[in-house]
Amino acid sequence: MSRADNRQERIDAEAAGWLAAIECGTADAAAFEQWRSGDPARALAFIRVSQVNRSLDALRETGLAGRAIQLEEAAPDEAVPDRRKLLKLGVAGALAAGLGGLGWTYAAAAHEAETGVGERRRIVVARGIALELNTDSHVEWERRDGMYRFELLRGEMMLERQSGSAPCSLHCGPSQIALAAGGLLNARSVASGVDFSVLEGEASLRTSGSGTVVRVPTLQKARVAAGVAPTLSTLSERDAGAVAAWQKGQLQFNGESLADAVAEYNRYLSRPIEIGDPSIRDIRMGGRFSTTDPADFCRALTQIYGISAHFERDRIRLIRSGPEKI
């Protein structure tokens, strides 16, 4: 084997090691950037192995679009040799199909991630820090002064920070939500700002202008919007379950109107639901349903309320088909 071949094999092995380390949340971002920028061959090697992520798109088209990408639990010293061996053997596609790991890695290296309609994605950003994106979402992050700063550009995300991890915060315009260690925070972009809910642990909210820091304990929610003072309110256990249901691929309705339930459902569907009869818009809904398959939702409407669902080519149209059942 030539010296050039030896050098390329070593670089490929290093790239595989970085992929595995980022996947497992053990990589130091600054050290990785220093390695990648130190030699164009390293950057190209990392790009080559990262491009395996594109194979996930083909898998999603065969039925995996609504399934969360899950990270296999493995010790870092066990994971790195396996990834290197697989990449050297040229079966990185099998790794992607088996673990879904490289999709995480590519996003982590790029410091941004997004999902399509109906897709969920979980990303390990650093040791003890992970985020999960809901349907049609986009998030960016950076590490500055030892802190991870996140910005939700579109959609919805869940941010998790374990004990012993680096500080992290969510930035909503000039406002900042710092998540304490052991915390779990759900944030959703709305027209006027960002709605966030603290599901575990606690957070602190620093609003623009005042500089005042407000403690946000477990099961509290608020809206951060420009020019409006946030008001905290309490989440019931039932409400908290509804907030987090999307992580299980579900929607939970607790008395919302049919109009609101349909609007929520349409965030996940390429073929939207349309209410064809205004008289049914205010019917109150309850129950859990799949985010990506509205068949059970439509069946419940028919059985309980006498509402027919017409599955057309480009929409699902709801109309009243008979007297409402109580």
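Numbering (my numbering), first residue to last: 0 to 325.
Just so you know, even glycine gets a beta-carbon here, dropped at the ideal spot from N, CA and C.
- Query: What do you reckon, are the CB atoms on Arg142 and Ala30 nearer than 7 Å?
  - Reply: The residue given as residue 142 occupies position 143 in the sequence shown. The residue given as residue 30 occupies position 31 in the sequence shown. With respect to the 7 Å criterion, Arg142 and Ala30 are not classified as neighbours on the basis of their beta carbons.
- Query: Which residue comes first and which comes last in the alpha helix (DSSP H) that contains Val197?
  - Reply: By one-based count along the sequence shown, residue 197 stands at place 198. Run containing Val197: none in the alpha helix (DSSP H); it sits in the beta strand (DSSP E), 192 to 199.
- To the nearest angstrom, report how far apart Ser269 and Gly117 are at their CA atoms. As a working note, residue 269 is residue 270 in the sequence shown. As a working note, residue 117 is residue 118 in the sequence shown. The straight-line gap from Cα to Cα measures roughly 8 Å.
- Query: So what does Gly127 bridge to, in DSSP terms?
  - Reply: Numbered from its first residue, the sequence shown carries residue 127 at position 128. Paired residue(s): none; Gly127 is not in a bridge.
- Task: Return helix, strand or coil for Thr301, following the three-state DSSP convention.
- Result: Walking along the sequence shown from the start, residue 301 turns up at place 302. Judged by DSSP in its simplified three-state form, Thr301 adopts helix.
- Run the CB neighbour count on Asn253, radius 10 Å, all protein chains shown included, and call it buried at 16 or more, exposed below. Mapped onto the sequence shown, residue 253 falls at position 254. Counting Cβ neighbours within 10 Å, Asn253 comes out exposed, since fewer than 16 surround it.
- Item | Of the listed residues Val215, Glu273, Thr290, nearest to Leu317 (C-alpha basis) | Along the sequence shown, one-based indexing puts residue 317 at 318. Per the Cα distances, Glu273.
- Task: Please report how far the alpha carbon of Glu199 lies from the alpha carbon of Gly181, in whole angstroms.
- Result: As a position in the sequence shown, residue 199 is number 200, starting the count at 1. As a position in the sequence shown, residue 181 is number 182, starting the count at 1. Approximately 7 Å, taken between the alpha carbons.
- Message: My output table needs one value for Val227: the three-state DSSP class, helix, strand or coil.
- Response: By one-based count along the sequence shown, residue 227 stands at place 228. Of the three classes helix, strand and coil, the one that applies to Val227 here is strand, per DSSP.
- Three or more C-beta pairs closer than 8 Å, one from the region 279 to 299 and one from the region 144 to 155: is that the case here? The count of Cβ pairs closer than 8 Å, one atom from the region 279 to 299 and one from the region 144 to 155, stays below three, leaving the stretches out of contact.
- Query: Out of Thr134, Asp135, Ala165, which has the shortest C-alpha to C-alpha gap to Asp144?
  - Reply: Counting from 1 along the sequence shown, the entry for residue 144 is found at position 145. Cα-wise, what sits closest to Asp144 is Ala165.
- Buried or exposed: which applies to Thr230, given that a residue is buried once 16 or more other Cβ atoms fall within 10 Å of its Cβ? Against the sequence shown, residue 230 aligns to sequence position 231. Thr230 comes out exposed.
- Item | 7 Å Cβ cutoff met for Ile10 and Ala40 | Here residue 10 is taken as the residue at index 11 of the sequence shown, counted from 1. Here residue 40 is taken as the residue at index 41 of the sequence shown, counted from 1. Yes.
- Measuring alpha carbon to alpha carbon, tell me which of Ala202, Ser235, Ile279, Gln249 ends up nearest Pro293. Counting from one through the sequence shown, the residue named residue 293 turns up at place 294. Measuring from the Cα of Pro293, the nearest candidate turns out to be Gln249.
- Please name the residue or residues paired with Glu141 in a DSSP beta bridge. Taking the sequence shown and counting its residues from 1, the one referred to as residue 141 is at position 142. Arg148.
- Message: So for Ser164, helix, strand or coil by DSSP?
- Response: Position 165 of the sequence shown, counted from the first residue, corresponds to residue 164. In the structure shown, Ser164 adopts coil according to DSSP, grouped into three states.
- Message: If you reduce the DSSP assignment to three classes, tell me which class Asn5 lands in.
- Response: Against the sequence shown, residue 5 aligns to sequence position 6. Looking at Asn5 - three-state DSSP - the assignment turns out to be helix.
- By the 10 Å Cβ neighbour count, where 16 or more other Cβ atoms means buried, how is His170 classified, buried or exposed? Here residue 170 corresponds to residue number 171 of the sequence shown, with the count starting at 1. So His170 ends up on the buried side.
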